[in-house]
Amino acid sequence: MGGCFSVSLSCDQAVNQVSQCLCVKQSYIHNIEDNLSALETTMEDLKARRDDLSRRVDREENNGLRRRAQVQVWLSRFETIESQVKDLFSVRKTELQRLCLCGFCSKNLKLSYLCWVPSRWRKPIGFGW
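Below you can see the structure in the form of structure tokens.
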């Protein structure tokens, strides 16, 4: 009696993952204008939150208290993200002009995806308070 060794490879899972990845990338590009509007609104909300926090911190520092490290980290992260968003909006018009087929795809799908959805934004930022 010999041992039987059977290997079953299914391509369904790999094909499914690749198609999901492409669909997600395509949806980011298809919804660029909506995503940019949402980003703009979110940045306005975060700026208001930053301003409120800065005023409160300044007031407390004038009363002799010290700024918590957590607050400083959040403010630093916000400044970094604000700078990245400004850079993103500086190329907004050019990138939108590169879109074809009514905004459904780009002439260079990979470049547009990398431009509009950097990997650091695909992960949670962690501003939870």
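Quick note, the sequence shown lines up with residues 596 to 724 if you use our numbering.
Virtual Cβ for every residue (Gly too), placed ideally from N, Cα, C.
Alpha carbon to alpha carbon, how far is K642 from R661? Give it in angstroms, no decimals.
Cα to Cα, R661 sits roughly 22 Å from K642.
So, are the CB atoms of F673 and R645 less than 7 Å apart?
Their beta carbons are under 7 Å apart, which means F673 touches R645 by this criterion.
Give the list of continuous alpha helix (DSSP H) stretches no shorter than 4 residues that lie fully inside the segment 663 to 698.
Whole alpha helix (DSSP H) segments, 4+ residues: 664 to 685, 687 to 692.
Are the CB atoms of M638 and V686 within a distance shorter than 7 Å?
Going by C-beta atoms, V686 is not nearer than 7 Å to M638.
Taking the alpha helix (DSSP H) that N630 belongs to, which residues open and close that run?
Looking at the DSSP string, the run of the alpha helix (DSSP H) that includes N630 is 627 to 657.
Whole angstroms are fine: how far does the CA of G659 sit from the CA of E647?
One point to set straight first is that residue 647 is Asp, not Glu, in the sequence displayed. If I take the Cα positions, the gap works out to 19 Å.
Rounded to a whole number of angstroms, what is the C-alpha to C-alpha distance between L683 and W669?
For L683 and W669, the distance between alpha carbons rounds to 21 Å.
Pull up the distance between the alpha-carbon of N630 and that of R693, whole angstroms please.
Roughly 16 Å separates the two Cα atoms.
CA-CA distance, T689 and R663?
Cα-Cα distance, rounded: 41 Å.
What is the rounded straight-line gap between the Cα of I627 and the Cα of T636?
Each residue's alpha carbon lies about 14 Å from the other.
Using three-state DSSP, classify V619 as helix, strand or coil.
Because V619 carries a pLDDT of 49, less than 50, the predicted location of this residue cannot be relied on, and the following value inherits that uncertainty. Of the three classes helix, strand and coil, the one that applies to V619 here is helix, per DSSP.
Out of curiosity, what's the CA-to-CA distance linking L691 and L634?
If I take the Cα positions, the gap works out to 15 Å.
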